[in-house]
Amino acid sequence: MILMEQPENKEQDWADWFFVQDCTFIMGVVKLQDLPEFGLPEVAFIGRSNVGKSSLINGLVGRKKIARTSNTPGRTQELNFFSLANMLLLVDLPGYGYAEAPKKLVEKWQKVMKGYLRGRPTLQRAYLLIDSRHGIKENDIEMMKMLDEVALSYQIILTKFDKLKISEQNAVYEKTQAQVKEHPAAHPVVIATSSATGHGMGALRREIAHFAQKPAAE
Ligand code: GDP
């Protein structure tokens with residue numbers, strides 16, 4: 118009997134392999150002047166507070182608690198750096214639009230975050246998370262404009278897609294996709310995800326894995 122080989126999807130296989138490798142918390146940075154050069158490519162995750170950012174990062178690397186939720190005091194104001202297999206850094210940025218934080222503090226975080234997004238040569242891409250139920254809000258647009266201005270490549274990720282009715286999913290996706298077209302630095306393809314069901318996570322892993330610094334072939 119001749120065994121038929123399954124068609125290979127090497128890119129997805131590699132991405133899936135990559136994301137089950139060691140993921141370790143390196144450090145949290147509060148002040149820009151404390152930001153070290155790690156010598157690795159970075160991708161950053163940003164979004165409004167409660168958008169599902171920690172759940173997404175945890176889901177990507179298959180850990181329950183590597184990134185902490187914004188309800189956890191302490192780490193929320195920091196830029197948190199995680200190393201994935203020593204080939205890529207995942208950077209969890211503070212959530213914005215946090216209603217209960219004092220204005221002065223919010224301004225301080227924003228300054229740090231913007232400073233980082235503007236002036237980080239190793240930063241390859243930002244993933245801007247949007248809650249599927251709320252769509253793109255005013256402060257998301259501000260963030261998108263800022264990213265356009267500094268010409269940092271970014272991609273919109275819809276989160277909590279499972280929370281939409283099946284009948285709503287298409288319209289929300291199409292609307293977001295149309296809004297993205299107006300932004301020059303935005304990746305043209307929106308990825309709809311759910312950390313709860315795993316929807317879209319493979320596609321997102323594949324996107325992110327492109328930025329990993331693979332060891333030189335022997
Ligand atoms: P963060 O503040 O952006 O880090 O958001 P969290 O990851 O802490 O998520 C905020 C809330 O949304 C939590 O109650 C999560 O359980 C919930 N959540 C996050 N992602 C999903 C998802 O994909 N589906 C559903 N149904 N709930 C989610």
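Numbering of the sequence shown is given in our numbering, commencing with residue 118 and proceeding in unit increments.
Cβ atoms here follow ideal geometry from the backbone N, Cα and C, with glycine treated the same way.
* Leu264: which of Thr239, Arg322 and Ala243 sits nearest, CA to CA? -> Numbered from its first residue, the sequence shown carries residue 264 at position 147. Checking every option, the nearest Cα to that of Leu264 belongs to Ala243.
* Please go through the same chain and pick out, in chain order, the residues whose beta-carbon is closer than 6 Å to the beta-carbon of Val267, but skip the five residues on each side of it. => In the sequence shown, residue 267 corresponds to position 150, counting from 1. Closer than 6 Å at the Cβ level, and outside the excluded window around Val267, lie Arg235.
* **beta-carbon Val168 near ligand 1 non-hydrogen atom, thresh 7 Å** => Numbered from 1 along the sequence shown, position 51 holds the residue referred to as residue 168. It does: the Cβ of Val168 is within 7 Å (strictly closer) of some heavy atom of ligand 1.
* For Arg237, does the count of other Cβ atoms within 10 angstroms reach 16, so buried, or fall short, so exposed? -> Position 120 of the sequence shown, counting from 1, holds the residue named residue 237. Classification for Arg237: buried.
* Which same chain residues, not among the five before or five after Lys95, have their C-beta less than 8 Å away from its C-beta? -> Here the chain comprises residues numbered 118 to 335, so residue 95 is not present and cannot be evaluated.
* Asked: For Leu240 versus Ile274, is the C-beta distance shorter than 8 Å?
  -> To locate residue 240, count along the sequence shown from 1; it is residue 123. To locate residue 274, count along the sequence shown from 1; it is residue 157. No, the pair does not count as a contact, with Cβ atoms beyond the cut-off.
* Asked: Would a C-beta distance cut-off of 8 Å place Arg323 and Glu128 closer than the cut-off?
  -> Here the question's residue 323 lines up with position 206 in the sequence shown. Here the question's residue 128 lines up with position 11 in the sequence shown. Yes, these two residues count as a Cβ contact at 8 Å.
* To the nearest angstrom, report how far apart Val336 and Gly156 are at their CA atoms. => Residue 336 lies beyond the range of the chain shown here (118 to 335); nothing can be said about it.
* **Assumed close pair His304, Thr310 - CB separation to whole angstroms, cut-off 8 Å** => Against the sequence shown, residue 304 aligns to sequence position 187. Against the sequence shown, residue 310 aligns to sequence position 193. Actually they do not touch by this definition, with Cβ atoms about 14 Å apart.
* **Met345 in three-state terms, based on DSSP** => Summary: the structure shown does not reach residue 345, with the chain confined to residues 118 through 335, and so no result is reported for it.
* Run the proximity test for Ala313: is its beta-carbon closer than 7 Å to any non-hydrogen atom belonging to ligand 1? => Translated into positions along the sequence shown, residue 313 becomes position 196. Under cutoff, so the answer is yes.
* To do: Out of Ala329, Pro301, Lys280 and Val307, state which residue places its alpha-carbon closest to the alpha-carbon of Thr314.
  => On the sequence shown, residue 314 is found 197 positions in, with the first residue counted as 1. With distances taken between Cα atoms, Thr314 lies closest to Lys280.
* Report the three-state DSSP secondary structure of Phe136 (helix, strand or coil). => For the purposes of this step, residue 136 is taken as the residue at position 19 of the sequence shown. Phe136: helix per DSSP, three-state reduction.
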